[in-house]
Every structure is written in C-alpha cells, then in structure tokens.
Amino acid sequence: MLSVSGIHKSFGGVQALADAALDCASGEVIGLIGPNGAGKSTLVNVISGFLAPDAGQVVLDGALLQGRTPQHISASGIARTFQNLRVFRDLTVRQNIEVASLRARQLRRDGPPMLGVDALLETFGLADRMSDAAGALPYGTRRWMEIARAMATGPRILLLDEPAAGLNDEESDRLHQIITRLRDLTRIGVVVIDHDLTFINNVCDRLFVMDQGRLIASGAPAAVWRNPKVIEVYVGPGTGTGATPAVELGG
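Its first residue numbered 23, the sequence shown is counted upward by one per residue in my numbering.
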C-alpha cells in the first residue's frame, strides 16, 4: 500500500535523508528505528506532507503523494501522531475525535470504513472521560486520545511517532494490544517510530533501521538484530561481528 523510495532531504548544508526508503502493506505493522538524529521523524514528516523531499517518491495505492499538502495526504489515507502531543486542549475528548472524523468525511471520497466516534472511545478506554477537557488529561490518556483522533480519519496507513514515549510498562503493554487490535479490525498498515526496542520487537512484523539519514537494514526483527551494521549502531564501533543489542525478541 505504502511505498517510499529514494528520499533525499537537506537543510542548508546538512543532509538529513539520503536515499531513505520503506514500505508497509495492508495489515502490517513495521518499525522505523535508529539512534537520535538518524532521520526517522524527518522521513515521517516527508511521508505526511509536512516536509517536501528534494528527491524521491511517496506512493500510496499507486498514487504519488510527495510534495502534496498534509491535508491532501490525510484525505488520501495517511494519518499520523506526533512525538510532542498536539491536542485541542480546550475541547473535550469526544470533541477532539469528532473534529477529525467530521473533517475526514468532508474531504475523503473513498477508502476503508471509518470507525465511529463511540467505537473509538470504547476501544481506547476513553468513554468515561469523553466529557473531560483534553488539556486536563494525564499524559497517557492524552496519548490514547491522539491515536484515536488519528484513527477517526479512517486511514489506510497510520504513522505513530514515539507512541510509547513517557508510558510505563503497563501502558506500553496496553498500547501493543491496541495497535494489534486496530490492525486486525481494520487491516490498516501501521508505521511505528520508537526507542523502546522491546515494545518495537513485540509489536512489529518487520523493522527498518536508519542511521545518518540512510536505511542500513530491514527485515524481520530476529534477522535485523543479527545484522553487523545494526549491532555497530546500537552497541558501538568494532562490535559488529560479535555483540548483539540487549533487546528482547517478542512473539
């Protein structure tokens, strides 16, 4: 469904992305990982239209999207969350989700069935707090609301930028369950950026690893963590042939 290839992006004399690429199919959860400054969020900003690439293609179901506005890309079927939460603080939880749902219905002509607001409130455990102001919510609850709001647009592809950041172990487990349930229920593709490698390994079918703006490895988690380039990035120079990162490979 989503194919991203040959993406280049520079800011002045700094090259943030160099031939970056990934792909995500319907019903698949992929992880986009790498050290700080690897270019992960920049790539997501290109995919979602917040940045225009200098070169390369973003294709969704055969349609070219690079250079389009975020509104056009959202209407085409790509939704996202942000590393730093962006919510309408003075609106209630329900109103935050309703705004996204209404706007999507105005813009979108076709696509997969959209989950209703009530169904999303129930799925994310927000029904009891739907009348609360978003700005008064605990951090974890605001995180659920932001993902629910993205899902209200009825996306084909959901981009999650650091969804487990700031969550405790119990909340991370719940996030894993929610992502899996949404994938099974709607057959959307999900792209997850996160530094919690245990969470990433448990929730993702495949991993894409970036370093210094380039893709250095991709594949099933077990194979990726045996890649010498990945080991060197996560453990240190000179360790690419003997050490493995201290992560747990989940099922």
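The C-beta atom is built at its ideal place from N, Cα and C for all residues, glycine as well.
The beta carbon of residue 232 sits closer than 8 Å to the beta carbons of 42, 54, 55, 56, 60, 61, 62, 65, 238 from its chain, once the five residues preceding and following it are set aside; these are given in chain order. The alpha-carbon of residue 33 is positioned some 22 Å away from that of residue 215. Taking the Cα positions, residue 79 is about 13 Å away from residue 39. Contact between residue 212 and residue 51 holds: CB atoms are separated by about 4 Å, below the 8 Å threshold. Residue pairing of residue 245 in beta bridges, as defined by DSSP: absent, with no partner found. DSSP places residue 30 within a strand segment (E or B) once states are collapsed to three.
If you draw a straight line from the Cα of residue 150 to the Cα of residue 178, it comes to about 28 Å.
Taking residue 105 as the centre and dropping the five residues before and after it, the same chain places the C-beta of 183, 184 closer than 6 Å to its C-beta, in chain order. Listed in chain order, the alpha helix (DSSP H) runs fully inside the stretch 136 to 166 are 139 to 145, counting runs of at least 4 residues. In this structure, the straight-line span from the alpha carbon of residue 118 to that of residue 93 is close to 17 Å. The three-state secondary structure of residue 200, taken from DSSP, is helix. Under the criterion of beta carbons closer than 8 Å, residue 122 and residue 146 do not qualify as touching, at roughly 13 Å. For residue 114, the secondary structure class from DSSP, reduced to helix, strand or coil, is strand. Looking at the backbone, the Cα of residue 44 and that of residue 230 are separated by about 7 Å.
Between residue 116 and residue 140, the alpha-carbon positions lie close to 9 Å from each other.
Of the residues 29, 111, 82, 67, the one whose Cα lies closest to the Cα of residue 46 is 82. By the neighbour-count criterion, in which a residue is buried when 16 or more other Cβ atoms sit within 10 angstroms of its Cβ, residue 160 is exposed.
DSSP places residue 40 outside any alpha helix (DSSP H); the residue lies instead in the beta strand (DSSP E), whose first and last residues are 36 to 46. Closest by C-alpha distance to residue 25, out of 37, 154, 70, 199, is 70. Straight through space, the alpha carbons of residue 240 and residue 203 are spaced by roughly 24 Å.
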